[in-house]
Amino acid sequence: MNDISHLADSPAPWFVGWGTLALINAGLAQGKNRSGILWFLLSLPLGPIATLILVMLPKARQTMF
Numbered sequence: 124m125n126d127i128s129h130l131a132d133s134p135a136p137w138f139v140g141w142g143t144l145a146l147i148n149a150g151l152a153q154g155k156n157r158s159g160i161l162w163f164l165l166s167l168p169l170g171p172i173a174t175l176i177l178v179m180l181p182k183a184r185q186t187m188f
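With my numbering applied, the sequence shown corresponds to residues 124 to 188, in that order.
This is how it looks when you write it as structure tokens:
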């Protein structure tokens, strides 16, 4: 029982969730024609705030020349 409670206290699940959110934000950004890597890197420090910004941003237009 003590081993299970020790795993719950470790910060590892927090980092896994934060990294997963950054990957989701990168995919969301690419769906809106924005840089996925830029938003991935922005999501690492900002987390859910970056998600909110991405959801509120309009889809970027693609120029065809």
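Backbone N, C-alpha and C define an ideal beta-carbon position, used for all residues, glycine too.
Start-to-end residues for the alpha helix (DSSP H) that takes in residue i
i, result
"T143", "A135 to G154"
"L167", "G159 to L169"
Test item: CB-CB of residue i and residue j under 9 Å
i, j, result
"L169", "G142", "no"
"A152", "L177", "yes"
"K155", "L175", "no"
"G150", "G140", "no"
Best match in the options for proximity to residue i [C-alpha to C-alpha]
i, options, result
"N148", "F138, K155 and F163", "F163"
"K182", "P136, R157 and A135", "R157"
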